[in-house]
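Those protein sequences? They're chains C and W, same order as listed. Residue numbering for the first sequence follows the numbering used here, beginning at 571 and increasing consecutively. Residue numbering for the second sequence follows the numbering used here, beginning at 571 and increasing consecutively. Using N, Cα and C, we set each Cβ at its ideal position, and we do this for glycine too. Predicted model only: the values in this text are computed from it and were never measured. As structure tokens, the structure follows; a few thoughts come after it.
2 protein chains.
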Amino acid sequence: MPPTDELGAAAIDLDELVEVAGLLADAARRQTLAGFRRPMLVEDKGGTEASTIDGSGFDPVTAADRAAEAAMREVLRDRRPDDGVRGEELDDTTGTSGLTWVLDPIDGTRSYIAGMPTWGTLIAISDGTRPFLGIIAQPHVGERFVGIDHPERRQAWLQRQGGRSPLRTRVRSLDEAVLFTTFPEVGTPAERAAFERVRDRVRMTRYGADCYAYALLAAGHVDLVVEAGLKPHDVHALVPIVEAAGGVATAWDGSPGHEGGRLLAAGSADLHRAAMDLLAGVPDRG
Amino acid sequence: MPPTDELGAAAIDLDELVEVAGLLADAARRQTLAGFRRPMLVEDKGGTEASTIDGSGFDPVTAADRAAEAAMREVLRDRRPDDGVRGEELDDTTGTSGLTWVLDPIDGTRSYIAGMPTWGTLIAISDGTRPFLGIIAQPHVGERFVGIDHPERRQAWLQRQGGRSPLRTRVRSLDEAVLFTTFPEVGTPAERAAFERVRDRVRMTRYGADCYAYALLAAGHVDLVVEAGLKPHDVHALVPIVEAAGGVATAWDGSPGHEGGRLLAAGSADLHRAAMDLLAGVPDRG
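Right, here's the structure in full:
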């Protein structure tokens, strides 16, 4: 029986969780780098025709993607057998500890397939209500962006080349902001129109960085990320990193964003509000 | 007086030129990394208002950009005083050797400013008719893509972590191709329409990788790059790397591409021809 705090909830050992999350990133690293920039088989998960960026049927999954998730689950079976697991590739498992790991072995599979070093392995832990620990790992560059957003501790840092530096968002006005997005690749026409209202107001827009854009936002190089069509495993790790670094990450309407859909991340609360105003009024997807 | 070959032209010592090009990359590295992911002053070179991606007035230059070019020129004054230099930032100098170095200290300044590790330092040597040696260096990732396309030697390789691996393009049909571009950021409406004819035929399109897209093409991860609005210093280094790796890099009409404008690079001659057919008929810029 794990120790419990005075409210009866299982006590959380944040240091142990950070350690295990690091072991997961190590395990995934071996598998993702084994496949990165190697000739590979690209399956079409949806069973539909491969399409150009304007279609929606093209969802590449690689052998490395599955092998990396399996390797992470193996670590969890050994070190955290009572926790649940939600992954991109394999079936969800329910735990008894109240904690759930949310895993995306390769976020940004299109970048991965094209050899771009801006995909990431996403690792998060949720207490059932929200993710409170997240990692974005980019093993080719050798970077890990880590965030803890928990009542006991709020901290975000970048690990690279054996060193550790704090992550801190910067504060910019909308007209000075650098915006990242995955548009034009995803999104309904209404979502795209809303995105363009933000794009037309900022200083610079960059495309297609996936999770890496949130890492750069947490590090204070990027001010806004606007995306749509996200899955829970795409988002869980991002929210605690952005929030612990001083930013705000929510759904476009300001509600909690970690279950996916439309995500807005900003370096400051003011900038988040300004972008949210421009993104308002998009109807729910049917 | 340098040694001359039987035609009276100055003999070229390729090994020495590769060595000096590496020293230039080293010198640029110190300056570019000193500014990368640091808070920085962004000037507007054109003297016009900063604008969104749809405008054309936003051309950020950083202190690092100029310092890196100055550092490279310093190496050349010491090691290759008789060669000419064309750079992005400083005045051209004419040499007496018949060789000219073409330098772009930071290609992809937008990526640089946003913290993305996909900008590059471009170093090329031209014999007055064409570039025959090129380097794309990405110092944050620690990569140098090098190509020699010269009658004496044709060779392309990636240097990383003390190792060296050959670069070789892959052969794919148009409908299987991965395409990179900087559109929607650059280009006239007619150029963009031509680009979209290619985009609509390929398997996947990715945006905004600048010179790094050509490095990935040479390495066999990307099949096509289509761009417009390029300057000579944007292009000189790319052509010998792509060609020495087995690809084809020309202007959209098939003429030599190294003086800039519209560039098309492909992993194979067949794919290059197929893309050129789709890009045909765009009128010259006025």
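Exclusion of the five residues before and after MET846/C leaves TRP822, GLY824 and LEU834 as the residues of its chain whose Cβ lies within less than 7 angstroms of its Cβ. With a beta-carbon spacing of about 5 angstroms, VAL655/W and THR663/W fall inside the 8 angstroms limit used to define contacts. Counting only residues of its own chain and dropping the five nearest sequence neighbours on each side, GLU722/W has a CB closer than 7 angstroms to the CB of LEU584. Judged by DSSP in its simplified three-state form, LEU787/C adopts helix.
Proximity to ALA844/C across ALA604/C, GLY816/C, ALA633/C and ARG767/C peaks at ARG767/C, based on C-alpha coordinates. Rounded to whole angstroms, the separation of the alpha carbons of ARG700/W and LEU737/C is 45 angstroms. In this chain, the beta strand (DSSP E) harbouring SER696/C covers 690-696. For PHE715/C, the uninterrupted beta strand (DSSP E) run begins and ends at 713-720, by DSSP. The residue from LEU587/W, GLN725/W, ALA815/W and PHE606/W with its alpha-carbon nearest to that of HIS791/C is PHE606/W. Of the residues assessed, ASP793/W falls on the buried side of the cut-off, its CB having 16 or more other CB atoms within 10 angstroms. In this structure, the alpha-carbon of TYR784/C lies about 15 angstroms from that of ILE718/C. Between THR688/C and ASP745/C, the CB-CB gap reaches or exceeds 8 angstroms.
Taken through DSSP and simplified to helix, strand or coil, PHE765/C comes out as helix. No Cβ of chain C is located within less than 8 angstroms of the beta carbon of HIS806/W.
LEU794/W has a beta carbon lying at 8 angstroms or more from every beta carbon in chain C. Closest by C-alpha distance to ARG714/W, out of GLU659/W, TRP727/W, GLY778/W and GLY698/W, is TRP727/W. Exclusion of the five residues before and after LEU786/C leaves PHE750, ALA779 and VAL792 as the residues of its chain whose Cβ lies within less than 8 angstroms of its Cβ.
Taking 8 angstroms as the cut-off, the Cβ atoms of GLY668/W and ASP697/W count as close.
Each residue's CA atom was taken as its position, placing ARG730/C and ARG647/W some 36 angstroms apart. Considering only beta carbons, the part of the stretch 677-711 of chain C lying closer than 9 angstroms to chain W consists of ARG680, SER681, ILE683, ALA684, GLY685, MET686, PRO687, THR688, GLN708, HIS710 and VAL711, in chain order.
The beta-carbon separation of ALA807/W and ALA694/W, rounded to 4 angstroms, stays under the 8 angstroms limit for a contact. Cβ proximity to chain W below 8 angstroms picks out ARG769, ASP770, ARG771, VAL772, ARG773, MET774, THR775, ARG776, TYR777, GLY778, ALA779, TYR782 and LEU786 from the stretch 761-787 of chain C.
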